[in-house]
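**Q**
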Amino acid sequence: MTDPVPLTGCQAGRLITVLRHGQGLDVAAAELGIDLRAVWARARTDTQLAIALAGRDPDVHEERGHTLRPTTSASWPSASPRAGRS
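Counting in numbering that gives the first Met the number 0, the sequence shown runs from 0 upward without gaps.
Structure (structure tokens):
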């Protein structure tokens, strides 16, 4: 197996943009002509790309096709103490 062609900054920027708009990683990479291995390799040194990929696991097949969705404040646990605890 050969190493993927490295992602350019421009390609990474376009990928980040489509991921922010909810497109699945595998679909976005295919449409942009990007090898997924190159995406994960670049994410090791590209903070913005790493953040856009947060919560994804490149080794889990079930992750393919899932989109990045923003969480709502309702999905975060409450910071207030539970009743009955001191």
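Think of the CB as a built atom: it goes at the ideal place given N, C-alpha and C, for glycine as much as any other residue.
Can you check whether the CB of Leu6 is closer than 8 Å to the CB of Arg36?
**A** What you label residue 36 is simply residue 37 of the sequence shown in a count that begins at 1. What you label residue 6 is simply residue 7 of the sequence shown in a count that begins at 1. Cβ atoms of Arg36 and Leu6: not closer than 8 Å.
**Q** So, is Val26 buried or exposed, given that buried needs 16 or more other C-beta atoms within 10 angstroms?
**A** Within the sequence shown, numbered from 1, the residue matching residue 26 stands at position 27. Exposed.
**Q** Assign Ile33 to buried or exposed, taking buried as 16 or more other Cβ atoms, counted over all protein chains shown, within 10 Å of its Cβ.
**A** Numbered from 1 along the sequence shown, position 34 holds the residue referred to as residue 33. Buried.
**Q** Unbroken alpha helix (DSSP H) runs of length 4 or more, entirely within the region 13-59: which are they?
**A** Fully enclosed alpha helix (DSSP H) runs of 4 or longer: 24-31, 35-42 and 46-51.
**Q** When you compare each of Val38, Thr1, Asp2 and Val4 to Arg13 by their alpha carbons, which one comes out closest?
**A** As a working mapping, residue 13 is identified with position 14 in the sequence shown. Cα-wise, what sits closest to Arg13 is Val38.
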